[in-house]
Amino acid sequence: MKTVVIIPCRMASERLPKKFMQDINGKTLIRRVYENVSRVFGHSDLFIACDGEPLYSHTKEFGANAVITDPDLPSGTDRIAAALKEIDPNGDKYDIVINFQGDDVNVDPTICARLVDLMRQTKCDIATVAQPIDDAGLINNPNIVKIAMGENGRCVYFSRSPIPFARAVGGVDNALWHIGIYVYNAASLRKFVSLPVGKLEATEKLEQLRALENGMSIYALTVKDTRMDPRAPADVNTAEDLEEMRRFVK
163 MKTVVIIPCR MASERLPKKF MQDINGKTLI RRVYENVSRV FGHSDLFIAC
213 DGEPLYSHTK EFGANAVITD PDLPSGTDRI AAALKEIDPN GDKYDIVINF
263 QGDDVNVDPT ICARLVDLMR QTKCDIATVA QPIDDAGLIN NPNIVKIAMG
313 ENGRCVYFSR SPIPFARAVG GVDNALWHIG IYVYNAASLR KFVSLPVGKL
363 EATEKLEQLR ALENGMSIYA LTVKDTRMDP RAPADVNTAE DLEEMRRFVK
């Protein structure tokens, strides 16, 4: 199976606008992510899906493969699919598509190979990552997406709210943090973007709910820690994350 890795980037991020162009001690956020991923996958099958000319021009400055996609696409997955149409217009070059988030500057890209194995074993539509959390602040933080997951790794629901609620203990027990790396088989990706935005997706602002609402299967690999270095944040979602990452890199 031939695999392509696409990094989706949207400049109009609600929590931290233009974050991909933010400087982290001499390199932009997107450049640091691209260079981390390229050490594992090389450059020939690694692309950045940009939402406009400014970001596209910047990626060319550091030698990345990139394509421009519609800035108004509703989700990162829609952006990945749009980029794939540009990269593989006949749809016969790639069987597996990896969506590596453009702000996952401290997430270990080697985990993607394990997700491809999970997809092959379960024959699921989408494979992703779960990480245990026991910090109440993180569990109650709406920026941290939680997963309700079955025993076999099949994902039942994703939410910004604390889930699943354990009645016996009066709170969330064995909470799982969703780390937004996705692996799709190409046919499932095409199916996903043909579906309308669902009510749950629109409510929670979580694209993966579109798949669940339409009967597609998502399985998660549970890992202890996805970070390359446990001293720093996994990704950059807020101004506070950005400052913490700058301090760490310095």
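Heads up, the sequence shown is in our numbering, so the first residue is 163 and it goes up one at a time. Note that beta-carbon positions come from the ideal geometry of N, C-alpha and C, so glycine has one too.
Spatial distance of residue i from residue j (CA atoms)
i	j	result
tyrosine 196	valine 331	43 Å
isoleucine 301	proline 326	11 Å
isoleucine 242	leucine 178	21 Å
glycine 299	arginine 316	26 Å
glutamate 313	arginine 352	28 Å
glutamate 215	glycine 342	25 Å
aspartate 387	leucine 208	24 Å
valine 411	isoleucine 186	7 Å
glycine 188	threonine 284	42 Å
phenylalanine 182	arginine 276	27 Å
isoleucine 249	lysine 255	9 Å
serine 206	glutamate 223	17 Å
glycine 225	glutamate 176	28 Å
arginine 409	serine 200	24 Å
CB contact flag (residue i, residue j, <8 Å)
i	j	result
isoleucine 380	alanine 337	no
isoleucine 168	leucine 246	yes
aspartate 397	aspartate 265	yes
arginine 329	valine 267	no
alanine 244	aspartate 232	yes
proline 392	glutamate 406	no
isoleucine 288	alanine 373	yes
valine 385	proline 236	no
Nearest candidate by alpha-carbon position, reference residue i, set the options
i	options	result
phenylalanine 354	Ile186, Ala310 and Gly238	Gly238
aspartate 252	Gly188, Ser356 and Ala348	Looking at the sequence itself, residue 252 is asparagine, so the reference to aspartate does not match. Closest by alpha carbon: Ala348.
leucine 383	Arg408, Cys286, Ser356 and Asp240	Cys286
serine 350	Val359, Gly377 and Ala292	Gly377
asparagine 303	Lys180, Ala226, Gly204 and Thr400	Thr400
asparagine 305	Thr290, Pro324, Ala289 and Met311	Pro324
glycine 333	His205, Asp297, Ile288 and Asp250	Asp297
phenylalanine 262	Arg282, Ile309 and Phe203	Phe203
aspartate 240	Leu357, Arg409, Ala289 and Ile309	Leu357
asparagine 198	Arg389, Arg408, Arg409 and Glu366	Arg389
glutamate 366	Arg282, Ile309 and Glu402	Ile309
Beta-carbon proximity list for residue i, same chain, < 6 Å, skipping 5 on both sides
i	result
leucine 368	Phe320
leucine 362	Leu371 and Glu375
threonine 221	Ile210 and Ala228
cysteine 212	Cys171, Tyr218, Ala228 and Ile230
isoleucine 260	Val167, Cys274 and Val345
aspartate 335	Ala328
Contact set for residue i: own chain, Cβ-Cβ below 7 Å, skip 5 residues either direction
i	result
glutamine 184	Thr190, Leu191 and Leu404
methionine 311	Ala292, Cys317, Val318, Leu338 and Ala382
lysine 180	Met173
Under the three-state DSSP convention, the category residue i falls into
i	result
histidine 340	strand
aspartate 279	helix
threonine 384	strand
arginine 196	For clarity, residue 196 is tyrosine in the given sequence; the question names arginine instead. In the structure shown, tyrosine 196 sits in a helix (DSSP, three-state: H, G or I).
serine 321	strand
proline 304	coil
alanine 310	strand
glutamine 293	strand
Residues near residue i by beta carbon distance below 8 Å, same chain, minus five either side
i	result
valine 307	Phe320, Ser321, Arg322, Trp339, His340, Gly342 and Leu368
threonine 272	Val202
threonine 290	Leu277, Cys317, His340, Ile341, Gly342, Ile343, Tyr344, Val345, Gln370, Ile380, Tyr381, Ala382 and Leu383
Beta carbon proximity, residue i to chain C, threshold 8 Å
i	result
leucine 246	Given the protein chain composition of this structure (a single chain), no chain C is represented.
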